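For what it's worth, our numbering labels the leading residue of the sequence shown as 161, then goes sequentially. Glycine is no exception: its CB is placed at the ideal position from the N, C-alpha and C atoms. Only a predicted model underlies this, so the values are computations on that prediction, with no experimental measurement involved. Here the structure is laid out as structure tokens; the discussion comes afterwards.
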Amino acid sequence: MAPDALSSFRFVGYPVRIHAGPDAISKLAEEVDRFKAQRVLVVCGQSVAGKTDLVDRVKEALGERVAGVFAGGKTGSPVTSVLEGVAAARDVDADGIVAVGGGSAVVTARGITILLAEKGTAQELCTQYSQGKPPVSPRLMAPKIPNFIVLTTATTAATRAGTALIDPESGHRLELFDPKTRPAAVIWDEQALLTASPWLCLNATASCFTGVASALQRTGLNPLAESDLLEALRLLLDNLPLVNSDPDNPAVRINLCAAAFLYNRATDAGAGGSA
């Protein structure tokens, strides 16, 4: 009888703490204290800063640990805005970053941690593509300050080691890879997730759905990757229709965050995909 799954494979898990539920944002204090961070920079976009109470809630949770707020995160995480964030981090001597928002805030925060620590430009530190040769990712060895995430959407960007920034001059994606930039903790706070409109929630989750569907078409998935993908698919199928029909239900948003997390964990286990 042929086996149902690969009997030989490798999986590497990465440490992260997830806090979910009502007022989960209050757990930021214990997570920041776990890393002994005392001068935290909050990173977000203008919408989060101006249209929600999330920055105030982070300040309430962290108190004097908040050294500053950078609200210049932009869609697509252009290098220019990331460099502005690096300057803000240097100005307050930040020893930690809290990203508040969706994928753009998360990626911007990761970009800040990299460019704050490494010598060289984003163009020099990114994966290099030479014609006729395999891509080469420079090893980014400098220690990184910890980053923590308060999500507003179920983005697949949350628990990744890669950071894709946009070069505004060429329009090209600059891909920087550093496992040390994975988040120390991720917060799925009910009220934070409900700040996103149903349209924004669905738009952010679409890439997760396509990624899961793409990955499940592969043959030879190992049992860890396959089980995570199947559960992610179930969560997506059960909860995506409820985003519009039950828009004020925070459990729907948390379940979608769980689906994105499982998809990312499956890709770490070799599942591939396209999100």
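- Non-local C-beta neighbours of Met301 in its own chain, meaning closer than 6 angstroms and more than five positions away in sequence, are absent.
- In the DSSP annotation of this structure, the continuous segment of the alpha helix (DSSP H) that includes Gly271 starts and ends at 263-277.
- For Pro182, the secondary structure class from DSSP, reduced to helix, strand or coil, is coil.
- The beta carbon of Leu214 lies closer than 6 angstroms to those of Val208, Val260, Ala352 in the same chain, with the five residues before and after it left out.
- Its Cα nearest to that of Leu381, the residue Ala431 stands out among Ala431, Thr212, Asn424, Val372.
- Between the stretch 185-205 and the stretch 288-300, the count of Cβ pairs shorter than 8 angstroms is below three; the stretches do not touch.
- By the C-beta density criterion, Pro175 is exposed, having fewer than 16 other C-beta atoms within 10 angstroms.
- Judged by pairs of C-beta atoms under 8 angstroms, the stretch 239-253 touches the stretch 218-230, as three or more such pairs exist.
- When DSSP states are grouped into helix, strand and coil, Leu222 belongs to the helix group.
- With a contact defined as Cβ atoms closer than 8 angstroms, Ala189 and Val266 miss out at about 20 angstroms.
- With fewer than 16 neighbouring CB atoms inside 10 Å of its own CB, Gly223 falls in the exposed class.
- Less than 7 angstroms separates the beta-carbon of Ile414 from that of Trp348.
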